[in-house]
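Numbering (the working numbering), first residue to last: 3 to 413. No residue lacks a Cβ here, since even glycine has one placed at the ideal position from N, Cα and C. Okay, so here's the structure we're looking at.
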Amino acid sequence: MPEERLQKILAAAGVASRRASEALIASGRVRVNGRVATIGAQVDPATAQIEVDGFLVGVGAARTYVALHKPAGVTSTTQDRHADTTVLDLVPTALTPDGTRLYPVGRLDRDSEGLLLLTNDGTWADRVLHPRFGVQREYAVGLARPLDRDQLAILRAGIALDEGLATFAAPLRLATPIETRTLAELLHPPPHPDLVWYRAVIAQGWKRQLRRMFAVTGNPVLRLVRVRIGTVRLDRLSTGRARLLRAPEIRQLGMVPGAALRRPAAPVEVSARALRHPGPSGAGAFGQPGAGPVGAKRTVQKAPEARHQGAKAKPKTAQLKGAPGSSGPRRPAPKPSAVGVGRVDPAGAADSQKRGKGQRRRPRSADPARPVSRRPTSRADKHPAHPPDERPKGRADERPKGRHEGYPPGR
C-alpha cells in the first residue's frame with residue numbers, strides 16, 4: 003500500500019480527528035514500530051505497527067459500532083488519570099472479541115448521562131459529529147420546577163453564549179408521562195419523583211450547552227440524560243449497559259447513500275371518480291380503510307381533454323375537494339359526453355365562438371355514464387320534489403261562478 007500521513011491514518015481508525023491526531027503526535031503519545039512519531043511522518047498502514055498511549059491501533063480492522071448508556075460520574079474520554087473509570091471500561095469484551103479499541107463519538111459531561119456512541123470508524127464518526135450534517139441530539143432535562151412564561155420566552159428566543167446564539171433544533175416541550183416513567187425505570191440511581199422533565203433537541207453540541215442555557219433563566223438543570231442521537235435511541239438500555247448498533251442505524255446515522263430504513267411505498271393509481279365515490283373495492287380518501295398504506299403516493303388520473311380549433315385547452319387536474327372526509331366544497335364531475343374522446347364536437351365549435359376570449363371550454367370526461375343514484379348531487383337535490391301521490395292538493399275555487407253572478411244588477 004502507498005504511504006499515508008500518520009494523522010490521516012489515526013483519524014480513519016477512529017482515534018481522533020486529524021487536528022487532534024496531530025496534537026497526539028506532537029505530545030509524543032504516538033509510536034510507529036516502537037519509535038516516537040513526529041509531525042509529517044508518512045507510514046504504510048498495511049505494515050506499520052502504530053500505538054497510541056501503548057495501545058495498538060487496529061488499522062484495517064473490522065468496523066465496530068456500540069451504543070452505551072453512560073452513567074453519571076464517568077468520564078467520556080479514553081484515558082483520564084484523575085478518573086477511576088472511563089467509558090471504555092464499561093464496554094464488554096464480548097462486543098469487541100478481536101480486541102478492537104473503540105473511541106467515543108463526541109462527549110458527555112461527567113455529570114451527564116445517557117446515550118454515547120463508540121466506534122473505530124473515523125469517517126462515520128466525523129459524519130455524526132460535524133455540524134454541517136446537522137445530526138440532532140435529544141435530551142431529557144430534569145428541573146426543580148416548571149418553566150414560567152417568561153423563562154420559556156427567553157429560551158425560545160435563544161441564549162447568547164461565547165460560541166454564538168444557542169437555540170433549539172425543535173420546540174422545547176414537556177415530557178409525556180410515559181416518557182417520564184420509562185426513563186425512571188432505566189436510570190440508576192432513580193430520579194427524584196418531584197423533578198419536572200422537559201425534552202430538548204439541539205444540533206449545535208457546544209460544551210455544556212443546555213446547562214448554560216437553562217442557568218440563564220434561573221431554573222438550573224438538576225439531571226440531564228441524552229436519549230437520542232439522530233435515529234439511534236436509548237430505548238430500553240439501562241444505566242451502564244451497552245449494545246451493538248443495528249445495520250439500519252449505522253447506515254441511517256452515517257448517511258451512506260441509499261441507506262433508507264425502509265423502501266417507500268409504490269405509487270397507487272386512484273381515479274378522481276374513485277375518490278369521490280368509494281366503491282366495494284375500498285378505494286377511498288387518503289388515510290381511510292382500503293386506501294392503501296398511509297403516506298403512499300397517489301396519482302390522480304386526468305380526464306382526456308378535447309382539442310378545440312384555434313386554441314389549446316390546458317389540462318385540469320381532477321379536483322380532490324369532493325373526496326370523502328375533506329372539508330372543501332364538493333364539485334360535481336363533468337358530465338359524460340357522447341362525442342368520442344379526441345374528437346371535436348361541431349356544436350362545441352359554435353359554443354366556443356359565443357364564449358368570451360378568456361373563457362375555456364371544460365374538458366369532457368372519459369368516464370362511462372353513471373347511474374342517477376351515483377351522480378353528484380346539486381343544491382336542488384337537497385329539496386326534492388314530492389312524488390305525484392304525495393303532492394298537496396290545491397284549494398277549491400270558492401269565487402262566484404258565471405259572468406254576472408254575485409255582482410249588483412246593472413253592471
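Check: By Cβ distance below 8 Å, which residues in the same chain neighbour L104 in space, the five residues on each side in sequence not counted?; Outcome: G16, T66, V68, L90, V93, T98, L120, T121, N122
Check: If you drop the 5 nearest sequence neighbours on each side, which residues of the same chain put their C-beta closer than 7 Å to that of R147?; Outcome: V198, N221
Check: So the alpha helix (DSSP H) A22 belongs to, where does it begin and stop?; Outcome: 20-28
Check: Apply the 10 Å Cβ neighbour rule to A159 and answer buried if 16 or more other Cβ atoms are within range, or exposed otherwise.; Outcome: exposed
Check: Does the segment 210-217 touch the segment 160-173, meaning 3 or more C-beta pairs lie closer than 8 Å?; Outcome: yes
Check: From the DSSP secondary-structure annotation, give me the bridge partner or partners of I161.; Outcome: A168
Check: In terms of alpha-carbon separation, which member of E115, A64, L176 lies closest to T88?; Outcome: E115
Check: How would you write the range of the beta strand (DSSP E) that A69 sits in, first residue to last?; Outcome: 67-72
Check: With DSSP as the reference, label R225 as helix, strand or coil.; Outcome: strand
Check: For T125, is the classification buried or exposed, using 16 other Cβ atoms within 10 angstroms of its Cβ as the cut-off for buried?; Outcome: exposed
Check: On the three-state DSSP scale, how would you describe A325?; Outcome: Residue placement at A325 is flagged as unreliable, the pLDDT there being 48, under the threshold of 50; a coordinate-derived value is accordingly withheld.
Check: Would you kindly work out how many angstroms separate the C-alpha atoms of A223 and T182, rounded to a whole number?; Outcome: The sequence shown places Val at residue 223, rather than the Ala named in the question. So the two alpha carbons sit approximately 16 Å from each other.
Check: Alpha carbon to alpha carbon, how far is A249 from D150?; Outcome: 43 Å
Check: I'd like the list of long-range same chain contacts for A39, defined as Cβ closer than 7 Å, with 5 residues on each side in sequence excluded.; Outcome: L8, I27, V32, R33
Check: Using the C-alpha atoms, what's the distance from G30 back to A14?; Outcome: 20 Å
Check: Going along the chain, which residues of its own chain have a beta-carbon closer than 6 Å to the beta-carbon of I454, five neighbours each way excluded?; Outcome: Given that the chain is displayed from residue 3 to residue 413, the structure contains no residue 454 and the question cannot be resolved.
Check: Should S240 go down as buried or exposed, given a rule of 16 or more other Cβ atoms within 10 Å for buried?; Outcome: exposed
Check: According to DSSP, is E181 helix, strand or coil?; Outcome: helix
Check: Just to confirm before moving on: does the CB-CB distance between V137 and I11 stay below 9 Å?; Outcome: no
Check: To which residues does DSSP link A244 through a beta bridge?; Outcome: L70
Check: Among the candidates S78, D100, D86, D82, whose CA atom is the shortest distance from the CA of D111?; Outcome: S78
Check: Could you tell me which residues DSSP pairs with I231 in its beta bridges?; Outcome: R139, V234
Check: For the alpha helix (DSSP H) containing V218, list its first residue and its last residue.; Outcome: 211-218
Check: Using the Cβ count rule (16 or more neighbours within 10 Å means buried), how would you classify P106?; Outcome: buried
Check: From this set, T233, R228, G242, which residue's C-alpha is nearest R109's C-alpha?; Outcome: R228
Check: If we call anything under 9 Å between Cβ atoms a contact, is W208 one with L157?; Outcome: no
Check: Among the residues of its own chain, which have a CB less than 7 Å from the CB of R20, if the five just before and after it don't count?; Outcome: Q9, K10, A13
Check: According to DSSP, is V89 part of a helix, a strand, or is it coil?; Outcome: helix
Check: Does the beta-carbon of A22 have 16 or more other beta-carbons within 10 angstroms, so that it is buried, or is it exposed?; Outcome: exposed
Check: Going straight from the alpha carbon of L70 to that of L247, what length do you get?; Outcome: 10 Å
Check: Determine the burial state of A142: buried for a count of at least 16 other Cβ atoms within 10 Å of its Cβ, exposed for fewer.; Outcome: buried
Check: Assuming P250 is part of the alpha helix (DSSP H), what are its boundary residues?; Outcome: 249-256
Check: Buried or exposed: L118, going by 16 or more other Cβ atoms within 10 Å of its Cβ?; Outcome: buried
Check: Tell me the DSSP secondary structure of E5 in three-state form.; Outcome: coil
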